[in-house]
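The next block holds one structure in the form of C-alpha cells; read it before the comments.
Residue numbers (UniProt numbering), protein chains in the order written: chain A, 1 to 696; chain B, 1 to 696.
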C-alpha cells in the first residue's frame with residue numbers, strides 16, 4: 001500500500017509540527033510514545049524555539065526538514081494550521097494528522113478556517129486526517145501519531161484487528177478494552193472532523209492493508225454513504241469481516257419527514273438494513289464488537305454455520321441452547337449412531353446436542369476427548385463450543401484435558417472451536433495458543449459464533465446482479481397529483497388499479513359504468529396529499545346516481561378544506577375485493593439514497609411497526625425475501641384458511657418500484673403506495689393509491 | 001436464624017460422614033477447605049478406619065460423635081446414605097448435606113433409594129439438602145460444606161450476596177465469576193436433586209438471613225411454585241432484591257397442550273410474567289445477573305428511577321441514551337436554568353442530558369465536580385452515570401477527579417452513582433470504596449441501573465389486595481358444552497352474548513325472533529370443542545326461514561363429522577357488530593396454577609403473538625394495565641379514527657375470569673373466550689364463544 005492512506009498507517013518517517021519537549025503536552029506525547037515503543041522510522045520534531053526536543057534534533061520549520069516526511073503530525077494552534085498544511089503539501093508529504101481543535105466543531109468561524117486548510121491541502125494533494133483528531137497508531141511498528149492518554153494504562157498489543165473510530169474518546173475507550181480483551185491491533189485511526197479523509201476511506205484502507213484481517217468501526221454519523229458502501233463491498237470481496245458500532249440515529253432529511261414511509265421506519269432501521277446487506281455485523285455494545293472481532297481473528301467463517309456443544313453441565317447446555325435459538329444459530333441433533341455410541345461410553349450421558357459428558361470425564365479425561373471428537377467428526381458441526389467452566393482451573397485436570405482437546409483441534413483445522421472456561425490468565429493463554437478462543441460467558445460465546453456464520457454467508461454470496469431497468473420515465477418537476485403519479489408508475493411497469501381521471505360528473509358516471517360497480521371515488525388534486533383526512537375518498541359507490549352525487553360531495557369538501565388547492569376533478573377506480581392490503585414505499589435516506597419499505601396495510605404498519613427495508617435497487621428474488629421476512633407474512637401465504645396472495649406479483653412490483661426510485665435520481669423524495677391489494681395467487685397485485693413526492 | 005435452614009448456612013459444628021484423609025476426594029475436600037479458610041466451628045470427621053483425618057481426631061460412627069453436630073455432610077456410597085441419615089436424625093442433627101450421587105438422577109432404583117432416605121429423614125425431622133448436591137459454603141465464617149473444585153482458583157470473598165443454584169456445576173461457575181467480578185458472597189447453596197429442601201425454601205432462608213442483602217437464583221426447573229412465590233413476596237417485603245436466571249422451558253402439562261391459550265403463550269412467558277409480578281429481575285445471562293447483584297449491594301433502589309449522565313465523550317452519551325431507551329429508563333432533560341449555567345461554565349458543553357463536559361475538564365478538574373454536582377442537585381436524577389473512560393487511568397487526572405467526585409457523592413448519599421471507567425484494579429477499588437460502582441461498558445451499567453428501579457418499584461408497591469370473589473359456581477365434572485360453559489361463566493358475572501340453547505328448529509326460530517336478526521347459529525355439543533373446523537358455525541343468519549334451514553344444516557354436519565358426539569341442539573345468539581375482537585384465556589400452569597391471557601383476536605394472537613399473561617387472580621386495575629400493555633392496544637383505545645372500545649368492561653371481564661379460575665381449583669384446565677367483542681365505550685364487552693376444559 002503506497003498511497004497516502006497506506007503511508008498514514010505505515011509511515012517510514014514522521015514529522016511533528018509543534019513538537020514539545022514536555023512528554024505530557026499534545027505536541028510531546030507522540031514523540032514520547034514512539035520513543036518508548038521503539039518506532040523504527042525517522043522521527044523529525046519541528047519547533048523554531050528549541051534545537052532539541054526530547055533528546056532528538058529539532059528543526060525550525062517544515063522547510064528546514066532534512067527530508068520529506070511520509071506523514072506529519074500537526075499540533076499547532078488552529079489558526080496556524082492552514083499555512084503548515086500548505087508548507088507540508090509543498091514538500092510532498094503524503095498525509096497530515098491534524099490534532100489541532102478549534103475548527104468546524106466550534107461554529108462558523110472555525111468552519112471557514114477548516115475550509116481554508118482543506119483548500120491548502122487540495123492545492124498540493126496532501127491528505128488530511130482530522131482536524132480535531134486523536135490521531136493514528138500502529139503498534140506493529142511502534143508508530144504513535146496520537147496523543148491519546150489511554151496508553152498510560154499500557155500500550156496496545158500488536159495484532160491484526162484494525163480500528164476505525166470517528167470519536168477520539170470512544171476510540172481510545174475501545175483501544176483500552178481491546179488491550180484487556182487480549183486483542184492485538186494492526187492500526188487504530190480516529191477520524192475527528194473528517195474534513196478530508198472519511199470513515200469509508202479508512203475502512204477501504206484496512207481492506208487494502210496486508211496487516212489487517214478484521215475491521216472494527218465505531219461511527220456516530222455516516223457522512224460518505226457511497227464510499228462506505230464501496231469499502232464494505234470491497235471488504236466482503238476480500239473476505240475481511242467488518243463489525244460496526246453505529247450509535248444514535250442521524251437526522252432525517254426535513255423533506256422525508258412528510259412521508260408516511262419515513263415516519264414509520266426510523267433512520268436507524270435503514271442503517272440496520274444496509275449493514276445487513278453487506279454482511280456487516282452491527283454490534284450492540286462495545287463488548288459485543290470486541291467479542292466478535294476477537295473470534296474473527298481465527299479467520300474461520302462457516303457459510304452454513306451449525307453449532308455442536310459439548311458440556312459438563314446440563315444447565316450450561318440449556319443456556320447455550322436458549323442463546324443459540326435467540327441468535328438464530330442452528331443446533332441440529334447428533335446422528336442416531338453417534339448418540340448410541342456415546343451412550344455406550346457413558347450410560348447417563350445426554351448425547352443429542354448439547355452433548356453432556358457429565359462430570360464423569362474428570363475420572364477419565366479421555367472421555368472428554370472422545371466426546372469432543374464425536375461432536376466434531378460424527379456431528380459434523382461447523383462450530384463447536386465446549387463448556388468446561390472451572391474444571392480446567394484445577395491443575396489436576398487442566399493439562400490432561402488440554403492434550404485431549406488439542407488432539408481433536410489439530411485434526412480438524414477447518415472448524416471453529418470455542419471454549420467456555422474459567423481459569424487463570426496463563427491457563428487461558430495456553431488454550432488460546434492451542435487454537436481455541438475462550439469466553440467465560442457461554443451466552444457471549446454463542447453470539448460471537450453466530451456472527452462468524454453471518455460473515456461466512458456474506459462472503460459466499462455472489463455479487464448481486466443489478467435488476468433489469470424499468471422503462472425510463474421522466475419524473476414530474478413537482479409533486480404530481482394521484483392520477484399523474486399513477487400514470488408515471490404504470491409507465492414504469494407498476495400495476496395500478498384500473499381507474500380514470502374525470503373532470504365532470506358526467507365523465508365520472510361514464511367511467512364507473514365502463515369500469516364496473518362498485519367504484520371508489522377520490523378527489524384529484526396535486527395540492528392534497530392525504531385525501532382521506534379531508535373526507536376526499538368515497539368507497540363502495542354502487543350506482544350511476546351515487547356517482548353523480550359523490551362528484552358533487554367531493555368538490556364541496558375539497559373547496560371547504562383546501563380553498564387554495566388546484567382541483568383537477570375526481571378519480572374513479574374499480575373497487576378491489578378479496579386481497580390482502582399492503583404498503584409499499586420509498587424514502588430517500590440522506591446517506592444511503594432511496595430505500596424501499598414493505599409491510600402489511602393499516603394497523604400492521606402503524607401499530608405493529610411490522611416492516612422490512614432495503615436499499616434500492618434490488619431484484620425480484622430479494623423482494624420476495626423481504627415480503628417473506630415480515631412477521632405478518634403468514635397472512636400473505638394463506639393463514640387462517642384464506643387463499644395465498646399473489647406474492648410473485650407483489651415481489652415484481654416491489655422490485656420495479658426500487659429500480660424506478662433508483663433511476664429517478666435525487667429529486668425523488670418519497671413514494672407511498674397505500675394500499676396495494678395483493679389479490680389471490682395468479683390474480684396480481686394493484687396499487688389503489690399512490691403518492692410521489694418530488695423535491696421542490 | 002435458629003431453624004434448620006439457618007443452621008445449614010451458619011453451622012456451629014459440622015460432621016463429615018465418609019471423611020477422607022485425601023484432600024482431593026469428595027470426603028476430603030470440605031475438611032481441607034475449612035481448615036485452610038479458618039472455619040471457627042467444630043469440625044468432626046467420621047470414618048471407622050482412621051483415628052485421624054487430615055490431622056483432626058476422627059470418630060468411628062455417628063453414634064460415636066462427642067456432640068450433636070448442627071450440620072452433617074454425607075459423603076458415603078448412595079446405598080449407605082439412608083442409614084446415615086437415620087443415625088444423624090437420631091442424634092438430633094438439624095440438617096444433612098448429601099453429596100452422594102446415584103439417586104433419582106439414575107433411574108427407578110435410585111428413586112426408590114432416595115425415597116427411603118427421605119422417609120428416614122422425615123421420621124426424625126432432619127432436613128436434607130440434595131442428594132447429588134455440591135453443597136453449601138459460607139465464606140463469612142469459612143464454612144465449606146462443599147466439594148466444588150472452583151475454589152482451587154481462589155476462595156470466594158465474603159460479602160452480602162446469597163447464591164441459590166439448582167445446578168452444582170453452574171452454581172460453581174457463577175461462584176467463580178462472582179469472585180472475578182469482585183462480588184462478596186454471604187452463602188452459596190447448590191440444591192441438587194431437591195428431595196427435601198427446595199429452591200423456594202432456600203430463597204426464604206436468604207430472606208431471613210441477616211448476612212444477606214441481595215439474592216441471586218439459578219434455576220433449571222421450578223418444582224415448588226407456591227413456596228417460591230411466598231419466598232419472593234417475603235423478599236419484596238424485606239426489600240431484598242432477587243435476580244434470577246431461569247433457563248429453558250419446563251414441560252407443559254399434556255392436558256394444557258390442547259388449549260388454544262397454552263399453544264400461543266409458551267411456558268417460559270408464564271415464568272416471565274410471574275417473576276415480573278414479584279419484582280424479580282430475570283437475568284438474560286450470567287454476566288447480567290452478576291452486574292445486577294453487584295450494583296444491588298449498594299442498597300439504593302429508586303422507585304421512580306431517572307438517569308442523569310455526565311460524559312466526556314459525545315459518543316458515549318449517545319450509547320448510554322440508546323441503551324436507556326432500550327431498557328425503558330427515563331432520561332429527562334436538565335432544567336433550563338441548569339443548562340444555561342453549564343453553558344456559562346463551558347460554552348461548547350452539551351448541557352441537556354447526557355451532559356457533556358468535554359475534554360475541557362482535564363485542564364480544570366473542578367469542572368468535572370461542578371458538572372456532576374449540577375446533574376445530581378439541579379437535575380435531581382435518582383441515578384447518575386459518569387463516563388470518564390480511560391482518563392482516570394492517567395495518574396495526572398485520577399487523584400484530582402476522585403476528590404471532585406467523592407465530594408458530590410458524600411453530599412448525596414441517597415443517589416445511585418455509577419462510573420464507566422477504564423483503570424487499574426487498584427484505582428477501580430478506590431472508586432468503589434468511595435461509593436461508586438464501576439462498569440467498564442456503559443451499556444452494561446445502564447442495564448444494571450434500570451434493574452435497581454424495578455426493584456424500587458416492586459418494594460414500593462402495596463401488597464396487592466385480593467380482588468373481590470365472584471359468586472361461587474360449581475365447575476361441571478367434565479368438559480361442558482358451549483351453552484353450559486357460558487351459563488357457568490355468566491353466573492360468575494362474565495358477560496356473554498345474548499343467546500339461547502334450542503333443541504328444535506322451531507325453538508331456534510323463536511329464539512332468533514326474540515333476540516333480533518341477524519343471528520349466529522352454532523352446533524351445541526359437549527364433544528365438539530372446535531366447532532368452526534367442522535362447519536358448525538353459521539354467521540349472519542338473517543331470517544326465520546334461514547334459521548330453520550340452518551338448524552337442519554348444522555345437525556347434518558355434526559352427524560357427518562362426529563357421529564359419536566352427543567348433540568344437544570343449536571345455540572342461537574344475537575350477532576354483535578362494531579366491536580374489537582379480543583381473546584381472553586386461562587391456562588393451568590403446572591407450577592404456578594391458573595394464568596390468564598389477553599390479546600386481540602385472530603391474527604394478532606396467532607401470527608403476531610401479541611399477548612400478555614398474568615397469574616390469577618387479579619383485580620380490575622391490573623387487568624386494565626394488561627390490556628394497555630399489548631402492542632396492539634391503540635386499536636382498543638381509538639386508533640385510525642375508530643371509537644375507543646369499552647376497556648373498563650373488558651378489564652372487569654378479565655379480572656372476573658381470573659378470580660373464577662382461581663376459585664375453580666385444580667380440575668380447571670383451560671378456558672378460551674374467543675372471540676370476545678369489546679364494543680364502543682359504555683356498551684360493554686361480550687364473550688361470543690366459550691370453551692371450558694375440565695380435567696377428567
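Glycine included, each C-beta is placed from N, C-alpha and C at the ideal position.
From a predicted model like this one, the values you see are computed outputs, not experimental measurements.
Beta strand (DSSP E) segment containing residue i, residue limits
i, result
"residue 45 (chain B)", "42 to 46"
"residue 286 (chain A)", "No beta strand (DSSP E) holds residue 286 (chain A); the alpha helix (DSSP H) holding it covers 286 to 296."
"residue 129 (chain B)", "127 to 129"
"residue 307 (chain A)", "307 to 311"
Distance, residue j Cα to residue i Cα
i, j, result
"residue 91 (chain A)", "residue 136 (chain A)", "21 Å"
"residue 233 (chain B)", "residue 203 (chain B)", "11 Å"
"residue 596 (chain A)", "residue 635 (chain A)", "21 Å"
"residue 671 (chain A)", "residue 671 (chain B)", "46 Å"
"residue 686 (chain B)", "residue 85 (chain B)", "60 Å"
"residue 287 (chain B)", "residue 235 (chain A)", "33 Å"
Buried/exposed call for residue i, threshold 16 Cβ in 10 Å
i, result
"residue 629 (chain B)", "exposed"
"residue 530 (chain B)", "exposed"
"residue 478 (chain A)", "exposed"
"residue 131 (chain A)", "buried"
"residue 506 (chain A)", "exposed"
"residue 665 (chain A)", "exposed"
"residue 127 (chain A)", "buried"
Three-state class that DSSP yields for residue i in the structure shown
i, result
"residue 246 (chain B)", "strand"
"residue 389 (chain B)", "strand"
"residue 522 (chain B)", "strand"
"residue 87 (chain B)", "helix"
"residue 361 (chain A)", "helix"
"residue 440 (chain B)", "coil"
"residue 503 (chain B)", "coil"
"residue 116 (chain A)", "helix"
"residue 222 (chain B)", "coil"
"residue 463 (chain A)", "coil"
"residue 163 (chain A)", "strand"
"residue 227 (chain B)", "helix"
8 Å Cβ cut-off: residues of chain A touching residue i
i, result
"residue 173 (chain B)", "313, 316, 389, 390 and 422"
"residue 176 (chain B)", "389, 390, 393 and 422"
"residue 776 (chain B)", "Nothing in the structure corresponds to residue 776 (chain B), since chain B is present only between 1 and 696."
Closer than 8 Å at the beta carbon, the chain B residues around residue i
i, result
"residue 248 (chain A)", "318, 321 and 322"
"residue 348 (chain A)", "105 and 106"
Host alpha helix (DSSP H) of residue i (start-end)
i, result
"residue 168 (chain B)", "168 to 180"
"residue 315 (chain A)", "314 to 327"
Amino acids of chain A, ordered along the chain, whose beta-carbon sits closer than 9 Å to that of residue i
i, result
"residue 344 (chain B)", "Residues of chain A passing the Cβ test: none, with the nearest at roughly 17 Å."
Proximal residues of chain B, C-beta to C-beta of residue i below 7 Å
i, result
"residue 634 (chain A)", "607"
"residue 725 (chain A)", "Any property of residue 725 (chain A) remains undetermined from this structure, which presents chain A solely from 1 to 696."
Chain B contact residues for residue i, given Cβ-Cβ distances below 9 Å
i, result
"residue 639 (chain A)", "603, 606 and 607"
7 Å Cβ cut-off: residues of chain A touching residue i
i, result
"residue 152 (chain B)", "393 and 394"
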